[in-house]
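Novice:
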Amino acid sequence: MTEHIIEEAPNKPGRKEMNPLLKFALELGPLMVFFFANSRGEDLARTFPILGELGGPLFIATALFMAAMVIALAVSWAVTRSLPIMPLVTLVVVLVFGGLTLWLQDETFIKMKPTIVNALFAAVLLGGLMFGKSFLGYVFDQAFKLDDEGWRKLTFRWGLFFVFLAILNVVVWKAADAYYGPGQVSDDLWVDFKVWATMPITIVFMLTQIPLLKRHATEPLGGKKE
Numbered sequence: 001m002t003e004h005i006i007e008e009a010p011n012k013p014g015r016k017e018m019n020p021l022l023k024f025a026l027e028l029g030p031l032m033v034f035f036f037a038n039s040r041g042e043d044l045a046r047t048f049p050i051l052g053e054l055g056g057p058l059f060i061a062t063a064l065f066m067a068a069m070v071i072a073l074a075v076s077w078a079v080t081r082s083l084p085i086m087p088l089v090t091l092v093v094v095l096v097f098g099g100l101t102l103w104l105q106d107e108t109f110i111k112m113k114p115t116i117v118n119a120l121f122a123a124v125l126l127g128g129l130m131f132g133k134s135f136l137g138y139v140f141d142q143a144f145k146l147d148d149e150g151w152r153k154l155t156f157r158w159g160l161f162f163v164f165l166a167i168l169n170v171v172v173w174k175a176a177d178a179y180y181g182p183g184q185v186s187d188d189l190w191v192d193f194k195v196w197a198t199m200p201i202t203i204v205f206m207l208t209q210i211p212l213l214k215r216h217a218t219e220p221l222g223g224k225k226e
């Protein structure tokens with residue numbers, strides 16, 4: 001039986017699924033590592049001197065974030081024997097921009113990463129719709145089942161939301177630098193926003209999509225189809 005390296009299309013029979021809680025943990029875990037390493041960077045450098053050679057807290061956080069992303073994707077592969085598309089794209093961008101951040105000792109690159117990733121996701125989702133592909137189904141089909149029209153509408157809305165997140169990251173980053181000046185304080189504010197604000201904003205957006213999910217569900221949310 002041929003294994004698919006990249007996850008198969010949503011609703012395809014025989015597609016291996018991951019426990020939703022495990023999937024959420026793998027997606028959130030690297031972010032939590034990033035936040036912890038940034039907030040405890042000096043302590044980590046004292047405990048593990050090799051980390052101190054990377055630079056300040058943000059550089060230590062960047063290195064550990066990259067490692068956590070690789071581990072999360074490896075666990076995903078071990079469980080499903082396939083690689084999820086969006087985390088894979090995120091990993092590639094993280095490795096490129098994280099590597100530049102560490103090599104050039106310039107936090108600009110890691111701060112650009114969320115904007116690049118979100119803009120790329122928006123381009124993939126909205127561009128896919130132009131070719132009749134609803135790529136969002138690859139991400140959420142384990143959480144709920146929708147008809148084709150539902151996936152198209154949800155993909156379009158998420159595409160616009162990713163555009164919003166891409167712009168918002170730049171606004172927060174530049175506003176923090178302008179108000180506090182480039183340095184650890186503005187870095188901490190940006191990291192706090194990335195970890196603690198982006199997720200609630202995303203959750204609020206997801207809650208606003210519940211009516212659409214109910215209208216286009218092929219299996220009623222929270223119950224069996226009658």
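Counting in full-length UniProt numbering, the sequence shown tops out at residue 226, every number present. Glycine included, each C-beta is placed from N, C-alpha and C at the ideal position. As the structure is a prediction and not an experimental result, all values here were calculated from the model.
Below 8 Å on the Cβ atoms is my guess for L120 versus V93; work out the distance and round it to an integer in Å.
Specialist: Position 120 of the sequence shown, counted from the first residue, corresponds to residue 120. Position 93 of the sequence shown, counted from the first residue, corresponds to residue 93. With 8 Å as the limit, L120 and V93 qualify as a contact, their Cβ atoms being about 7 Å apart.
Novice: When DSSP builds the beta bridges, which residues end up paired with A217?
Specialist: The residue given as residue 217 occupies position 217 in the sequence shown. In the DSSP output, where bridge partners are listed per residue, A217 has L146.
Novice: Sort A178, K133, G183 and V170 by Cα distance to residue 238 and report the nearest one.
Specialist: Any answer about residue 238 is impossible in this case: the structure gives the chain only from 1 up to 226.
Novice: F34 and F65: beta carbons closer than 8 Å?
Specialist: In the sequence shown, counting from the first residue as 1, residue 34 sits at position 34. In the sequence shown, counting from the first residue as 1, residue 65 sits at position 65. The answer is yes: Cβ separation under 8 Å.
Novice: Output the boundary residues of the alpha helix (DSSP H) element that contains G99.
Specialist: In the sequence shown, residue 99 corresponds to position 99, counting from 1. Per DSSP, G99 belongs to the alpha helix (DSSP H) from I85 to L104.
Novice: For N38, which three-state DSSP category applies?
Specialist: Within the sequence shown, residue 38 is the residue found at index 38, counting from 1. N38 falls in the helix class under three-state DSSP.
Novice: Can you list, in chain order, the residues of its chain whose CB lies under 8 Å from that of N189, leaving out five sequence neighbours each side?
Specialist: Translated into positions along the sequence shown, residue 189 becomes position 189. Note on residue identity: the sequence assigns Leu, not Asn, to residue 189. These residues qualify, in order along the chain: V172, A176 and Y180.
Novice: Closest by CA to L51, which one among I71, L102 and M112?
Specialist: To locate residue 51, count along the sequence shown from 1; it is residue 51. Among I71, L102 and M112, the Cα nearest to that of L51 belongs to L102.
Novice: State the DSSP-derived secondary structure class of E226, mapped to helix, strand or coil.
Specialist: The residue given as residue 226 occupies position 226 in the sequence shown. Confidence at E226 is low in this model, with a pLDDT of 39, below 50, so its placement is unreliable and the value that follows should be read with caution. Here E226 sits in coil by DSSP.
Novice: Please classify A78 as buried or exposed, where buried requires at least 16 neighbouring CB atoms within 10 angstroms.
Specialist: Position 78 of the sequence shown, counted from the start, is the residue given in the question as residue 78. With fewer than 16 other Cβ atoms within 10 Å, it is exposed.
Novice: Going by alpha carbons, who is nearest to I71 out of E27, R157, A197 and P200?
Specialist: Residue numbering aside, residue 71 sits at position 71 when the sequence shown is read from its first letter. Ranking the options by Cα distance to I71, first place goes to E27.
Novice: Note down the Cα distance separating E226 from K153, rounded to an integer number of angstroms.
Specialist: Position 226 of the sequence shown holds residue 226. Position 153 of the sequence shown holds residue 153. Reliability fails at E226, whose pLDDT of 39 lies under 50, so the model's placement of it is uncertain and no value is given.
Novice: When the Cα atoms are used, what is the spatial distance from L213 to L104?
Specialist: As a working mapping, residue 213 is identified with position 213 in the sequence shown. As a working mapping, residue 104 is identified with position 104 in the sequence shown. L213 and L104: Cα-Cα distance of roughly 45 Å.
Novice: Distance check for T47 and G41, CA to CA, integer angstroms please.
Specialist: Within the sequence shown, residue 41 is the residue found at index 41, counting from 1. Within the sequence shown, residue 47 is the residue found at index 47, counting from 1. Computed Cα separation, rounded: 10 Å.
Novice: Considering Cα atoms alone, identify which of T218, L31, L58 and G98 is closest to A197.
Specialist: As a working note, residue 197 is residue 197 in the sequence shown. Ranking the options by Cα distance to A197, first place goes to L31.
Novice: Label D106 either buried or exposed according to how many other C-beta atoms from any shown protein chain fall within 10 Å of its C-beta, with 16 as the threshold for buried.
Specialist: Residue mapping note: residue 106 aligns to position 106 of the sequence shown, counting from 1. So D106 ends up on the exposed side.
Novice: Check whether the Cβ atoms of I115 and N38 lie closer than 8 Å to each other.
Specialist: The residue given as residue 115 occupies position 115 in the sequence shown. The residue given as residue 38 occupies position 38 in the sequence shown. Sequence inspection shows Thr at residue 115; the Ile mentioned does not correspond to that position. No, these two residues do not count as a Cβ contact at 8 Å.
Novice: Would D187 be called buried (16 or more neighbouring beta carbons within 10 Å of its own) or exposed?
Specialist: Reading the sequence shown from its first residue, position 187 is the one you call residue 187. It is buried - the Cβ of D187 has at least 16 other Cβ atoms within 10 Å.
Novice: So for S82, helix, strand or coil by DSSP?
Specialist: Locating residue 82 in the sequence shown gives position 82, where the first residue counts as 1. Three-state DSSP puts S82 in coil, outside helix and strand.
Novice: Have a look at A123 and L44 and give me their C-alpha separation to the nearest angstrom.
Specialist: Counting from 1 along the sequence shown, the entry for residue 123 is found at position 123. Counting from 1 along the sequence shown, the entry for residue 44 is found at position 44. Roughly 38 Å separates the two Cα atoms.
Novice: Does the beta-carbon of V96 have 16 or more other beta-carbons within 10 angstroms, so that it is buried, or is it exposed?
Specialist: Along the sequence shown, one-based indexing puts residue 96 at 96. By the 10 Å Cβ count, V96 comes out exposed.
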